[in-house]
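Quick note on the working numbering: the sequence shown kicks off at 1 and runs consecutively. Every residue, glycine too, gets a C-beta built ideally from N, C-alpha and C. It should be emphasised that the depicted structure is a prediction, and the values quoted were computed from it without experimental measurement. Structure first, commentary second.
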Amino acid sequence: MRYIPFLALLFILPSCSMTGGGDHWGNKPGSQGFRTVVIDAGHGGKDPGAVSRHTGQREKDANLDLAKRLRSELKGSFRTVMIRSNDRFVDLDDRVKFANRYGGAILVSLHFNSGSSSRKGPETYWWRVDSHGLAVRCQRAMKSVAPSSANAGLNRRRLRLTRNPSIPCVLLEGGYLSNSSESRKIYSAAHREKLAKTIAGAIRDQAAKGDASTGPRPRFIKAPPSRATDAPGS
Ligand SMILES: [Zn+2]
Numbered sequence: 001m002r003y004i005p006f007l008a009l010l011f012i013l014p015s016c017s018m019t020g021g022g023d024h025w026g027n028k029p030g031s032q033g034f035r036t037v038v039i040d041a042g043h044g045g046k047d048p049g050a051v052s053r054h055t056g057q058r059e060k061d062a063n064l065d066l067a068k069r070l071r072s073e074l075k076g077s078f079r080t081v082m083i084r085s086n087d088r089f090v091d092l093d094d095r096v097k098f099a100n101r102y103g104g105a106i107l108v109s110l111h112f113n114s115g116s117s118s119r120k121g122p123e124t125y126w127w128r129v130d131s132h133g134l135a136v137r138c139q140r141a142m143k144s145v146a147p148s149s150a151n152a153g154l155n156r157r158r159l160r161l162t163r164n165p166s167i168p169c170v171l172l173e174g175g176y177l178s179n180s181s182e183s184r185k186i187y188s189a190a191h192r193e194k195l196a197k198t199i200a201g202a203i204r205d206q207a208a209k210g211d212a213s214t215g216p217r218p219r220f221i222k223a224p225p226s227r228a229t230d231a232p233g234s
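What follows is the structure, encoded as structure tokens:
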């Protein structure tokens with residue numbers, strides 16, 4: 001039995017009645033017991049994503065490699081579906097449509113980051129209330145193999161891949177390709193394997209335990225879907 005704080009109920013109940021029980025902002029407890037994981041390797045084809053000036057590695061290649069490793073790690077525990085399994089371009093809205101075909105599923109979008117040369121460490125983006133626990137678990141997991149600097153790490157942001165899907169979803173940035181030492185780590189297959197293993201562990205924990213031990217449930221924020229024009233680079 002899950003404990004629902006009284007204050008959270010105040011946020012949940014009015015919005016449920018307003019939408020007639022419809023719930024496309026994910027305003028409910030985090031997912032538990034899901035059997036399908038939709039894996040999204042960010043970028044692809046004509047869109048390389050970030051490119052490391054230290055190693056020459058392209059984000060789209062690192063994302064796809066990590067996605068395949070994650071698929072292998074999850075095999076046996078979950079049905080896995082890849083949004084792309086080769087080097088091709090897929091529009092963000094098409095990725096959302098694809099993910100929305102699956103019920104009893106979560107969506108995990110995999111990326112590597114780029115920014116000022118001193119920034120490093122993993123980051124996790126989420127929006128829906130039902131995605132918070134999964135986001136906390138993924139961020140904790142990635143930090144265990146890629147310790148971060150003072151970066152906030154866990155970010156609630158309305159992106160096309162965090163706001164628009166109708167299933168719980170997180171967008172993971174596995175580290176900074178723009179940081180000299182971190183980009184060299186990311187270049188190593190052994191490090192990407194560690195990342196895949198730890199993310200798989202976070203997903204298994206979320207499926208087994210739901211939001212337990214992931215902190216208070218966040219408040220519901222009513223906001224329109226994210227559009228191409230409001231989230232460049234997401
Ligand atoms: Zn990216």
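For Leu74 and Met142, believed in contact at Cβ under 8 Å, the rounded distance: If you number the sequence shown from 1, residue 142 lands on position 142. If you number the sequence shown from 1, residue 74 lands on position 74. Actually they are not in contact, since the Cβ atoms of Met142 and Leu74 sit about 16 Å apart, beyond 8 Å.
With 16 other Cβ atoms within 10 Å as the buried cut-off, status of Thr229: Here residue 229 refers to the residue found at position 229 when the sequence shown is read from its first residue. Per the 10 Å Cβ criterion, exposed.
N-terminal and C-terminal residue of the alpha helix (DSSP H) that Ser109 is part of: Reading the sequence shown from its first residue, position 109 is the one you call residue 109. Segment Ala105 to Asn113 is the beta strand (DSSP E) holding Ser109; no alpha helix (DSSP H) there.
Pair within 8 Å by beta-carbon distance, Val136 and Phe220: As a working mapping, residue 136 is identified with position 136 in the sequence shown. As a working mapping, residue 220 is identified with position 220 in the sequence shown. In this structure, Val136 lies away from Phe220, with their beta-carbon atoms at least 8 Å apart.
Other residues of its chain near Arg204: CB distance less than 7 Å, five sequence neighbours each side excluded: Position 204 of the sequence shown, counting from 1, holds the residue named residue 204. Taken in chain order, the residues that qualify are Ser77.
Residues sharing a beta bridge with Glu173, DSSP: Locating residue 173 in the sequence shown gives position 173, counting from the first residue. Partner(s): His111 and Glu123.
Pocket of ligand 1 defined by Cβ to heavy atom distance under 5 Å: Listed along the chain, these residues meet the criterion: Gly42, Gly49 and His111.
C-alpha distance - His111 paired with Gly42, whole-angstrom precision: Position 111 of the sequence shown, counted from the start, is the residue given in the question as residue 111. Position 42 of the sequence shown, counted from the start, is the residue given in the question as residue 42. Distance between His111 and Gly42, taken at the CA atoms: about 5 Å.
Distance, Val51 Cα to Gln57 Cα: The residue given as residue 57 occupies position 57 in the sequence shown. The residue given as residue 51 occupies position 51 in the sequence shown. Their Cα atoms are separated by approximately 6 Å.
Residue burial classification, Asn86 (beta-carbon count within 10 angstroms, cutoff 16): Residue mapping note: residue 86 aligns to position 86 of the sequence shown, counting from 1. Around the CB of Asn86, fewer than 16 other CB atoms lie within 10 Å, so the residue is classed as exposed.
Where Gly22 sits in the DSSP three-state scheme: Mapped onto the sequence shown, residue 22 falls at position 22. In this prediction, Gly22 has a pLDDT of 42, which is less than 50 and means its spatial position is unreliable; what the coordinates show is noted afterwards. Correct three-state label for Gly22: coil.
The stretch 116 to 131 contacting the stretch 86 to 104, beta-carbon criterion three pairs below 8 Å: No: fewer than three Cβ pairs fall under 8 Å.
DSSP-derived helix/strand/coil call for Asn179: Position 179 of the sequence shown, counted from the first residue, corresponds to residue 179. Note: Asn179 maps to coil in three-state DSSP.
Candidates Arg160, Ser178 and Asp211, of which the one nearest Asp93 by Cα: Walking along the sequence shown from the start, residue 93 turns up at place 93. Ranking the options by Cα distance to Asp93, first place goes to Arg160.
Val38 - DSSP class collapsed to helix/strand/coil: Position 38 of the sequence shown holds residue 38. For Val38, the secondary structure class from DSSP, reduced to helix, strand or coil, is strand.
DSSP three-state assignment for Lys209, whether helix, strand or coil: Translated into positions along the sequence shown, residue 209 becomes position 209. Reduced to three states, the DSSP call for Lys209 is helix.
Span separating the alpha-carbon of Met82 from that of Gly45: Working through the sequence shown from its first residue, we reach residue 82 at position 82. Working through the sequence shown from its first residue, we reach residue 45 at position 45. Distance between the alpha carbons of Met82 and Gly45 is about 15 Å.
Minimum length 4: unbroken alpha helix (DSSP H) runs contained in the stretch 42 to 105: Correct list: 59 to 74 and 92 to 99.
Residue interval of the beta strand (DSSP E) (run including Arg156): Here the question's residue 156 lines up with position 156 in the sequence shown. Unbroken beta strand (DSSP E) run through Arg156: Leu154 to Arg156.
Local conformation of Ser144 per DSSP, three classes: As a first step, residue 144 is located in the sequence shown; it is residue number 144 there, counting from the start. Look at Ser144 here: in three-state DSSP terms it is helix.
DSSP three-state assignment for Ser116, whether helix, strand or coil: Start at 1 with the first residue of the sequence shown, and residue 116 comes out as number 116. DSSP places Ser116 in coil when its eight states are reduced to three.
Alpha carbon of Gln206 to alpha carbon of Phe34, nearest angstrom: Locating residue 206 in the sequence shown gives position 206, where the first residue counts as 1. Locating residue 34 in the sequence shown gives position 34, where the first residue counts as 1. Going by C-alpha positions, Gln206 is about 9 Å away from Phe34.
Candidates Thr80, Ser31 and Glu193: closest to Ala212 by CA position: Counting from 1 along the sequence shown, the entry for residue 212 is found at position 212. Selection Thr80, Ser31 and Glu193 evaluated against Ala212 yields Ser31 as nearest (Cα-Cα).
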